[in-house]
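The structure under discussion appears below in the form of structure tokens.
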Amino acid sequence: MIGTKEFMENEKNLKSIIEFYLNGVEKYLAYDTVSDSLHSILLLAELYNNLENTKKWDKIIYLKWNNIQEKSKGNGNSFFARIGFFNGLAEICFIADILNSSTGNYQKLVYKLRTAFINTIPSYVHMLYEHMKEMKCPDYDCINGASGVIRYLLDCPHDQAKDMAKLLVQYLVDVTNRKGEYPAWYIKNYNLPSEEDRILYASGAINFSLSHGVSGILAILIIALQKGICVSGQKNAIEILAHKYILEYKVVENNIPYWPGMLSYEKFKKREIDDLSRRMSWCYGSIGILRSLQLYEQAFPDYRLKREIEDAVISLSKIPCEEYLFDSPTICHGYAGMLVVLNVINQEVKSDVIQKRVLELVDILNNFFSEKNRFGFRNIDFVSSKEGILKNVTEDLSFLTGSTGVILSMLSVVRGETTFEKHLLIK
Numbered sequence: 000m001i002g003t004k005e006f007m008e009n010e011k012n013l014k015s016i017i018e019f020y021l022n023g024v025e026k027y028l029a030y031d032t033v034s035d036s037l038h039s040i041l042l043l044a045e046l047y048n049n050l051e052n053t054k055k056w057d058k059i060i061y062l063k064w065n066n067i068q069e070k071s072k073g074n075g076n077s078f079f080a081r082i083g084f085f086n087g088l089a090e091i092c093f094i095a096d097i098l099n100s101s102t103g104n105y106q107k108l109v110y111k112l113r114t115a116f117i118n119t120i121p122s123y124v125h126m127l128y129e130h131m132k133e134m135k136c137p138d139y140d141c142i143n144g145a146s147g148v149i150r151y152l153l154d155c156p157h158d159q160a161k162d163m164a165k166l167l168v169q170y171l172v173d174v175t176n177r178k179g180e181y182p183a184w185y186i187k188n189y190n191l192p193s194e195e196d197r198i199l200y201a202s203g204a205i206n207f208s209l210s211h212g213v214s215g216i217l218a219i220l221i222i223a224l225q226k227g228i229c230v231s232g233q234k235n236a237i238e239i240l241a242h243k244y245i246l247e248y249k250v251v252e253n254n255i256p257y258w259p260g261m262l263s264y265e266k267f268k269k270r271e272i273d274d275l276s277r278r279m280s281w282c283y284g285s286i287g288i289l290r291s292l293q294l295y296e297q298a299f300p301d302y303r304l305k306r307e308i309e310d311a312v313i314s315l316s317k318i319p320c321e322e323y324l325f326d327s328p329t330i331c332h333g334y335a336g337m338l339v340v341l342n343v344i345n346q347e348v349k350s351d352v353i354q355k356r357v358l359e360l361v362d363i364l365n366n367f368f369s370e371k372n373r374f375g376f377r378n379i380d381f382v383s384s385k386e387g388i389l390k391n392v393t394e395d396l397s398f399l400t401g402s403t404g405v406i407l408s409m410l411s412v413v414r415g416e417t418t419f420e421k422h423l424l425i426k
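Here is the structure:
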């Protein structure tokens, strides 16, 4: 799909960006946070076979692992103390597996991590069932909860991994299929994650997003099914998520579907859909939800739905990039997230229109790059405060909101085959 000229130009630009990033990784090594160390290891693992002087990078990776372990000692809130697929033990195992596959140097570490992780699952499942009546997003979501944990387990080679995945899939299925006064994935007001949400949704809310909501649950139940995990009630739960949540609550404008990021209980009950999430981000935007629907259609073929999804993605690929409402280059809520999801979708759709937009997004990311930034890119947020809307700029090596994720998204276009997309529940 990508022409020879464009490929060579993108490869050349990316090579210089990666060289600058690697210099920054080495230069600022002593200042690494745990997140910096872990997420830069992810990119180093994806790049490993193309790195010059692998002995030097082996040493740097070793120092980064030591940093992760040292800064986690005695910390009850460390990555090792949490189970999640982002900033938790599942993520540590996921990245260690990729690194070991690339280098062959970490068999003992990987075995130790996997064993510790698997041993936490039974008590974790028990805790989730105990929380069902007082459910919170971190119980089930992609970031901290069961959906992300399942994604790691599905490819984990531990001999108990599939059995542990079944337990967690069954939990998501049981919640989805339960009957009661409120919708299955309703979060009570006092269990909403932020004070702002608790003010906005006085009666509680339902979250539709890929990162924290029902779209992520749909995606992981489909991916699990594709990988041979099928439990009692799973197909019924999938149909409920696809039809009674996602397809039921979409609003189409100019052939582009939109969803509310969150919807209050009253509006959900009355099917009053407002406050649409128009920013085209991986986390809350239409592009991530469309990918979850594409996965659904692949498992349960429906030609009409397939055409609707593909037409919507093509329409999204034709509108001006400014209409995506991004301020930042990063994965979570910036151009890199749109790029990586579009690229994954188009590996299957193979549309020239989508491919053209993929290349345009790469150009936009190239323009965000600056050698004034320590690692090449900055994350830009606008946050509400008592003083009004404030601009918040950060520079780090994190996956979702740092330079690591931006470069991985660009690498996925040039290389075609990368592993990190699994982290986003889009593969």
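Numbering follows numbering that gives the first Met the number 0, in which position 60 of the sequence shown is assigned residue number 59; successive positions increment by one, without gaps.
Glycine included, C-beta positions come from ideal geometry on N, C-alpha and C.
Treat the numbers as computed from the prediction; the structure is a model and nothing was measured.
Helix, strand or coil at M0 according to DSSP, with G and I counted as helix: Confidence at M0 is low in this model, with a pLDDT of 44, below 50, so the placement of that residue should be treated as unreliable; the coordinate-derived value is given next. M0: coil per DSSP, three-state reduction.
Beta-bridge partners of S383, as assigned by DSSP: I388
Alpha-carbon spacing of W56 relative to N74, whole angstroms: 28 Å
The region 398-410 in contact with the region 36-44 per 3-pair CB rule at 8 Å: yes
Distance between K11 and I237 (C-alpha atoms, nearest Å): 43 Å
Distance CB(I245)-CB(F207) smaller than 8 Å: Closer than 8 Å, so yes.
Within 8 Å, strictly: CB atoms of M131 and I186: no
Limits of the unbroken alpha helix (DSSP H) element including A160: A160 to N176
Cβ-based burial, A145 [other Cβ within 10 Å; buried from 16]: buried
Option in L167, G179 and Y181 with minimal Cα separation from I219: L167
Span of the beta strand (DSSP E), counted from its first residue to its last, around K204: First, the residue type needs correcting, since residue 204 is Ala and not Lys in the sequence shown. Counting along the chain, the beta strand (DSSP E) containing A204 begins and ends at A204 to N206.
Separation of E195 from Y189, as counted between CA atoms: 11 Å
Sequence ranges, alpha helix (DSSP H) only - wholly within the region 259-286, length at least 4: 264-269
Backbone CA spacing between R197 and S122 [nearest angstrom]: 30 Å
Sub-8 Å separation of Y110 and S202 beta-carbons: Annotated as distal: Y110 and S202, with beta-carbon spacing of 8 Å or more.
Spatial neighbours of V230 in its chain, beta-carbon cut-off 7 Å, leaving aside the 5 residues before and after: K165, V168, Q169 and V172
Own chain, CB closer than 6 Å to G336, minus 5 neighbours either side, in chain order: S280, W281 and I330
Residues bridged to V251 [DSSP beta-bridge criterion]: Its beta-bridge partners are P256.
The alpha helix (DSSP H) enclosing P121, as first and last residue numbers: Q106 to E129
Whole alpha helix (DSSP H) elements within the region 43-78, 4-residue minimum: 53-71
Identity of the residue in F267, I216 and L399 nearest T175 by Cα: I216
Straight-line Cα distance separating I221 from L315: 24 Å
Coil, strand or helix - T329 by DSSP: DSSP, reduced to helix, strand and coil, places T329 outside both helices and strands of the structure shown, so it counts as coil.
S464 versus C155, D380, I120 and L152, residue with shortest Cα-Cα distance: The structure shown does not extend to residue 464, since the chain spans only 0 to 426, so no value can be given for it.
Beta-bridge pairing of Y185 - partner residues as DSSP gives them: I205
Backbone CA spacing between M0 and S350 [nearest angstrom]: With a pLDDT of 44 at M0, under the threshold of 50, the modelled position of this residue cannot be trusted, and the question is left open.
Member of K107, L364, V339 and L294 whose CA lies at the smallest distance from the CA of E309: Relative to the Cα of E309, the nearest Cα in the group K107, L364, V339 and L294 belongs to L294.
Same chain, Cβ closer than 8 Å to V250, neighbours up to 5 away in sequence not counted: P256, Y257, W258, I272 and L275
In DSSP terms, what T393 is bridged to: N378
Contact set for Y151: own chain, Cβ-Cβ below 7 Å, skip 5 residues either direction: F84, A89, C92 and F93
Whole-angstrom C-beta distance between C155 and P192, which should lie under 8 Å: That pair is no contact at about 28 Å.
Which listed residue (Y302, K14, S34 and K26) has its alpha carbon closest to that of F398: Closest option to F398, Cα to Cα, is S34.
Reference G227; option with closest CA among L153, R290 and N253: L153
Coarse secondary structure for R373, derived from DSSP in three states: coil
Buried or exposed (CB count within 10 angstroms, at least 16 for buried), I388: With fewer than 16 Cβ atoms within 10 Å of its Cβ, I388 is classed as exposed.
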